[in-house]
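Please read the structure below before turning to the comments.
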Amino acid sequence: MIAADYFDGRSSRRHPATLGLRDGTVVVEGDFGRRSTALGAVEICTGADQTLSTIRFADGAMCEIRDSAAWAAELAGAGIGADAVAHAERRWHWALAALAGAVLIIAASYAYALPWIAGLLAPAIPQAVTQSISDTVLKGLDGGLLAPSKTSPQRQQEIAAKVAALAGPGQLPPHRLLFRAGPTLGPNAFALPGGDVVVLDELLALATRDEEVVAVVAHELGHLRHHHGMRQLLQSAVVSFVVGVYLGDVSTVVAGLTALLLESRYSREFELEADAYAGRLLLATPASIEPLIDTLLRLEQAHAKRRAADRGGLFGATDLLSSHPDTAGRVNALRAMKR
Amino acid sequence: MNATSCYETLGVVRDATPEAITAAYQRCLGELRASLNGPNPPPPERLDALRAAYQTLGNPAARQAHDAALSPPTPAVSADEGERRPYPFAFTGEGGEYFRIWIVNLFLSLITFGIYSAWAKVRRETFFHRNLTLDNSAFSYHGNPIAILKGRAIAVVLLIALSAAQNAGPFAYGIAVLALLPVVPWLIVRAFRFRAHNTSYRGLRFSFHGTYRQALTAFVGYGLLAAISFGLLFPLFYRQQRTFVLDNLRYGSAQFHCTASNGQFYGIFLKPIGLALAGMFAIGFLTAAGGAPKLLLPLAFGVGTMALMLFLLPYIRVRTTNLVWNHVSLERMGFSSKLAVLPYFGLLAGNMVLLLLTLGLYWPWARVRLARYRASCMSLLSAEALDSFVAGESANAAAVGDEVSELMDIDIAL
């Protein structure tokens, strides 16, 4: 017999009562009389440690039990234990295991699940959508960072023809070469998700031969082939959302920088993937991979010089758009392909 | 005159609403019917007594006459005030205990792609309700996880639609917001109904009876007024929100009522605003006089903004909570809220530092510390034991509003 407080569900009057379990029935006795109900027909809520335990009857009446430990023992005697979740919630080692598990799940989603899902979804996005995204981005750049190209239409056609000759008809991903001048961006080329590959005049000026330009375009075609643009868009949307929810209360700047840091890992992988694609295309050409390697090294030098020239532009557009870190690693990977 | 009052016959309080009386009458009839076939059937007069009582109380004139025949409903206020004694609230939960609940349920929510989060919410709410005690009894939470899951699904769909509209351009977003505006009061009413209905104390449920029209006035109407008056009417808006909640809240059949006035709300808001204006004026004067270094202006501006965020919001929260609860009545009972600005601010600042140091893992302890402090400052004032409340009519509530408001971060805490 355990002391309890009985409430009849119709008034807040407290009735001191005794509570017991007999052959699968709950028996409550007090000044209100005696009430026996089958164990299956009451809702049992056992509290941890100092918390009150309750049992609730179908008609809204309830008992509060102060001595939770004694009541739990009584229940255990009848073969009723806490459910698995409540059991885990009361033990530190389960809680720590859950913490480790949660961290593991989040890390695995970031490293594997998210890129995998984005890889599945990106090719399924209709061309009309990707094209409209490309157009918007290009319009924005044309209004600011980019200027009309000074390269002659003839030379543009020559380069386009050399790119088309990289593989048989229909084997390259659908693309359109666009030429622009980008005085603030420096020697560069980039692919937009809709299939536009923008080549800057500064890259043509830096290249010593056309093969080098073709090699860079081949790298950008790799981005198109693997749908890197859309994948990056999807992944960063999810990453910034999650980081925003987690860190949103701290500061938007902290959240933004953290998201940027986390996303940069994805872009490194994409660069290597695009290099591998370009490498396969270039191996079949007479000049082989060398033009790509030369350009990578020269680009690195050029960008280092520009960085030295304008210090303080650490978060400027130059560094954000030229996310090609670790040139040595990329060159090594390309050389390994040749062997 | 009757030996027992019609109120006692039906088991309702003296100021019960007509709806509560009807509900009580039907409940009594039901009990009567059920006990007819039992071992000791009630005397036949019982039915007549019930009918007579219901007829008397159902007719306003007859009820008035009946009331007059009985002794005055409430003792004189002055005599009552003197005898009230505080029944303190207390929060008994421990931070470590909540950490374990939080992390286990977070893990389960993650591996079930968020589906378990509805059950996790029930466990969380149960923890916070059951550890809140008053006069040796605890509060209980009755939310149904399936209802919560449905509400969450609808909330997620709404949010996705809203963010899609946001991406589609300002025009589409504007239309979406305008379309959602009339839905908001409905969501608010549903949210309060769900929360109130699923909270109980001593076996009696709370309930919320606010209407769509009231919510529209309090939230949208006064919100617009506050906006077009450049914030001058904001205290009015704030008071409307608080009174909308409390004046429509019932415990059993007992009605909460909040008597805090507009002037008192303005009193709270005026002090910090005056202080900010004085500070700005002083800096402006110093700069104009040329006596201050150039750096002072941006520095003061930055510090001022920080102080606003860190100090003003907790300050207003503390003062308005005290004001509201010190003016709430529940039948013949009252409340006392004694939150203090500085300890509350210290608590928030300490929580913030520890959250940063632990990368957020301190969160459960932070929440429990806050719950403990808030409960420790709160008391119910009553001259009698808390035995006299009776149940009100019961109603069901869906979880949609609660979930949407939670996802959209609408703060509807009491």
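Heads up: the sequence lines are chains A and B, in that order.
Following the numbering used here, the numbering of the first sequence begins with 1 at its first residue and continues without gaps.
Following the numbering used here, the numbering of the second sequence begins with 1001 at its first residue and continues without gaps.
Ideal placement from N, C-alpha and C gives every residue a C-beta, glycine not left out.
For residue i, the first and last residue of its enclosing alpha helix (DSSP H)
| i | result |
| --- | --- |
| B/HIS1129 | 1117 to 1130 |
| B/GLY1223 | 1222 to 1228 |
| A/GLY222 | 210 to 225 |
| B/ARG1317 | 1313 to 1326 |
| B/ASN1113 | The displayed chain sequence assigns Phe, not Asn, to residue 1113 of chain B. No alpha helix (DSSP H) contains B/PHE1113, which DSSP labels as neither H nor E. |
| B/ARG1415 | The structure shown does not extend to residue 1415 of chain B, since chain B is modelled only from 1001 through 1414, so no value can be given for it. |
| B/HIS1142 | B/HIS1142 -> no alpha helix (DSSP H), and no H or E assigned at all. |
| B/ALA1343 | At residue 1343 of chain B the sequence reads Pro, which differs from the Ala that was named. 1341 to 1357 is the extent of the alpha helix (DSSP H) around B/PRO1343. |
| A/ILE106 | 92 to 108 |
| A/SER68 | 68 to 77 |
| B/LEU1010 | 1006 to 1010 |
First through last residue of the beta strand (DSSP E) which encompasses residue i
| i | result |
| --- | --- |
| A/ILE55 | 53 to 56 |
| A/GLU202 | Segment 201 to 206 is the alpha helix (DSSP H) holding A/GLU202; no beta strand (DSSP E) there. |
| B/PHE1171 | Per DSSP, B/PHE1171 belongs to no beta strand (DSSP E); it is in the alpha helix (DSSP H), 1170 to 1180. |
| A/GLU64 | 62 to 65 |
| B/SER1337 | 1333 to 1337 |
| B/PHE1389 | Neither: B/PHE1389 is in no beta strand (DSSP E) and is coded neither H nor E. |
| B/ARG1085 | 1085 to 1091 |
Three-way DSSP call (helix, strand, coil) for residue i in this model
| i | result |
| --- | --- |
| A/ASP5 | strand |
| B/SER1379 | strand |
| A/ILE44 | strand |
| B/PHE1301 | helix |
| B/ALA1079 | Per-residue confidence for B/ALA1079 stands at a pLDDT of 44, beneath the threshold of 50, marking its modelled position as unreliable; no derived number is given. |
| A/GLY33 | strand |
| A/ALA189 | strand |
| A/ARG335 | helix |
| B/LEU1047 | helix |
| A/PHE315 | Reliability fails at A/PHE315, whose pLDDT of 42 lies under 50, so the model's placement of it is uncertain and no value is given. |
| A/ARG22 | strand |
| B/THR1133 | strand |
| B/PRO1073 | A caution first: B/PRO1073 carries a pLDDT of 46, below 50, which makes its placement in the model unreliable, though a value can still be read off. B/PRO1073 falls in the coil class under three-state DSSP. |
| B/LEU1275 | helix |
| A/PRO87 | It should be noted that the sequence gives His, not Pro, for residue 87 of chain A. Note: A/HIS87 maps to helix in three-state DSSP. |
| A/TYR277 | helix |
| B/PRO1364 | helix |
| B/HIS1066 | helix |
| A/ASP294 | helix |
| A/ALA17 | strand |
| A/ALA287 | coil |
| A/SER11 | strand |
| B/ALA1052 | helix |
Selected residue, minimal CA-CA separation from residue i, among the options
| i | options | result |
| --- | --- | --- |
| B/ARG1190 | B/GLN1214, B/ALA1023, B/TRP1119, B/TYR1201 | B/GLN1214 |
| B/LEU1339 | B/ARG1374, B/LEU1312, B/ALA1179 | B/ARG1374 |
| A/PHE179 | A/ALA102, A/GLY33, A/GLU202, A/VAL239 | A/GLU202 |
| B/TYR1201 | A/ALA84, A/PHE32, A/GLN232, A/MET62 | A/MET62 |
| B/THR1112 | A/PRO115, A/ALA88, A/GLY101 | A/GLY101 |
| B/CYS1258 | B/THR1321, B/ARG1193, B/ARG1152 | B/THR1321 |
| B/ASN1131 | B/ASP1387, B/ARG1367, B/ALA1282 | B/ARG1367 |
| A/ARG90 | B/GLU1094, B/PRO1088, B/ALA1090 | B/GLU1094 |
| A/PHE270 | A/GLY222, A/LYS139, A/ARG209, A/THR184 | A/GLY222 |
| A/LEU75 | A/ALA284, A/GLY244, A/LEU21, A/THR327 | A/LEU21 |
| B/VAL1318 | B/LEU1070, B/MET1306, B/TYR1116, B/LEU1348 | B/LEU1348 |
| B/ASP1387 | B/ILE1103, B/GLY1279, B/GLU1331, B/LYS1150 | B/GLU1331 |
| B/GLN1255 | B/LEU1225, B/ALA1196, B/GLY1203 | B/ALA1196 |
| B/PRO1043 | B/LEU1277, B/LEU1032, B/ARG1051, B/TYR1141 | B/LEU1032 |
| B/ALA1260 | B/THR1243, B/GLY1252, B/PHE1171 | B/THR1243 |
| B/GLU1125 | B/LEU1286, B/ALA1023, B/ALA1138 | B/ALA1138 |
| B/GLY1360 | A/GLN157, A/LEU99, A/ALA122, A/ASP83 | A/LEU99 |
| B/PHE1192 | B/ASP1247, B/LEU1110, B/VAL1012, B/GLN1026 | B/ASP1247 |
Whole-Å CB distance - residue i paired with residue j, under 8 Å assumed
| i | j | result |
| --- | --- | --- |
| A/THR71 | A/THR46 | Note that residue 71 of chain A is Trp in the sequence shown, not Thr. At roughly 7 Å, the Cβ-Cβ gap stays under 8 Å, so A/TRP71 and A/THR46 are in contact. |
| B/LEU1010 | B/ILE1021 | 6 Å |
| B/GLN1240 | B/TYR1222 | 5 Å |
| A/ALA181 | A/LEU146 | 7 Å |
| B/LEU1312 | B/PRO1364 | Incorrect: roughly 27 Å between the Cβ atoms, too far for contact. |
| B/PHE1219 | B/PRO1185 | 6 Å |
| B/LEU1070 | B/SER1005 | 5 Å |
| B/SER1379 | B/TYR1087 | 6 Å |
| B/TYR1238 | B/PHE1208 | Incorrect: roughly 19 Å between the Cβ atoms, too far for contact. |
(Q) Quick check for students: name the residue ranges of the beta strand (DSSP E) that lie wholly in the region 1196 to 1272 of chain B, counting only runs of 3 or more. (A) 1199 to 1201, 1204 to 1208, 1249 to 1251, 1254 to 1258
(Q) In chain order, what are the residue ranges of uninterrupted beta strand (DSSP E) at least 3 long that sit wholly in the region 122 to 189 of chain A? (A) 176 to 181
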